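The next block holds one structure in the form of structure tokens; read it before the comments.
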Amino acid sequence: MGKQRAKKLIEAARQSIGIDSGTRSIALEIKYIVDSIEHAQQFISTLETEMKE
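Numbering (the UniProt record's numbering), first residue to last: 1 to 53.
Given below as structure tokens:
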């Protein structure tokens, strides 16, 4: 999941019925998830490089 997709999810949350309050926390949670996925992808890439050596 990329940052562009996260931005789309945040915007969708803002426009959803009943999600006016808490959009900041939802945005923060989405950012945390995206950062975690990116970190995991980097970790996997590093492991794959190490395994090739």
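Each residue gets a CB set at the ideal place from its N, CA and C atoms; glycine is no exception. Note that the structure is a prediction, hence the values are computed from the model and not measured.
Under the three-state reduction of DSSP output, S16 falls in the coil class, being neither helix nor strand. Just so you know, the alpha carbons of T49 and I30 end up roughly 29 angstroms apart. Using a Cβ distance threshold of 8 angstroms, A13 and I26 count as a contacting pair. Collapsing the DSSP output to three states places E53 in coil.
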